[in-house]
Amino acid sequence: MAVMETAFDPHWREAWTRSQVESSLTLPHTYALLMDEEQQPLEGDAKAAGFILARRAPGEEELLLVGVRPEFRQRGIGKALIEWFFRTARANGADQVFLEMRDNNPAASLYSSCGFEPIGRRRAYYRTADGESLDAITFGRKL
Ligand SMILES: CC(C)(COP(=O)(O)OP(=O)(O)OC[C@H]1O[C@@H](n2cnc3c(N)ncnc32)[C@H](O)[C@@H]1OP(=O)(O)O)[C@@H](O)C(=O)NCCC(=O)NCCS
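Under the working numbering, the first residue of the sequence shown is numbered -3, with each subsequent residue one higher.
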């Protein structure tokens, strides 16, 4: 939650609340990956630099959220988290992965560099704090 609270600009209303995260993690198919600034899985009381929240389904996995603390960005942690997610998904038996993001999110360049391709658009799916509507873009990738 410490990363969630610093990583996401409230304007876009993308961050999840603690209770949303807690309830999602009580479901057997939802999981989190947490990484430290050395790009190692988080251990003990170390400070998290970034995280992924993801969900499994038979043969596929969905990347629900990825966030990196602003002070640790542009150092490859986001990419390392996504590659860790790919390895986890493969180990779980998935052969494809998906994600959904707001249309204007600059993270699109990170997703493309990780091999994701845009495969769909949901019109006016998100609403910003100002009430502006934004499309959702679905990305997919074969593993
Ligand atoms: C998106 C995010 C996770 C990227 O984390 P990061 O650790 O900075 O990413 P990396 O350092 O691994 O960057 C990997 C690539 O993506 C590019 N990139 C990353 N963030 C970018 C941004 N905001 N704008 C443009 N390019 C970006 C990098 O230049 C790099 O490209 P390269 O491999 O060609 O050099 C981070 O910016 C973030 O937490 N954003 C806010 C939360 C968010 O919007 N999450 C996505 C929606 S759930």
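Heads up, the beta-carbon is just placed ideally off N, CA and C, and yes, glycines get one too.
### Query
Just to check, is the beta-carbon of L106 closer than 7 Å to a non-hydrogen atom of ligand 1?
yes
### Query
Are the region 119 to 134 and the region 94 to 105 touching by the rule of at least three beta carbon pairs closer than 8 Å?
yes
### Separation of T124 from R118, as counted between CA atoms
R118 and T124: Cα-Cα distance of roughly 15 Å.
### Task
Run the proximity test for M31: is its beta-carbon closer than 7 Å to any non-hydrogen atom belonging to ligand 1?
no
### Query
Just the Cα atoms here: how many angstroms apart are G72 and F4?
G72 and F4: Cα-Cα distance of roughly 18 Å.
### Residues near E39 by beta carbon distance below 7 Å, same chain, minus five either side
none
### Task
Could you work out which residue in A120, D91, G74 is closest to L106 when comparing CA atoms only?
G74
### Task
With DSSP as the reference, label F81 as helix, strand or coil.
helix
### Beta bridge counterpart(s) of T22 as assigned by DSSP
Beta-bridge pairing links T22 to no other residue.
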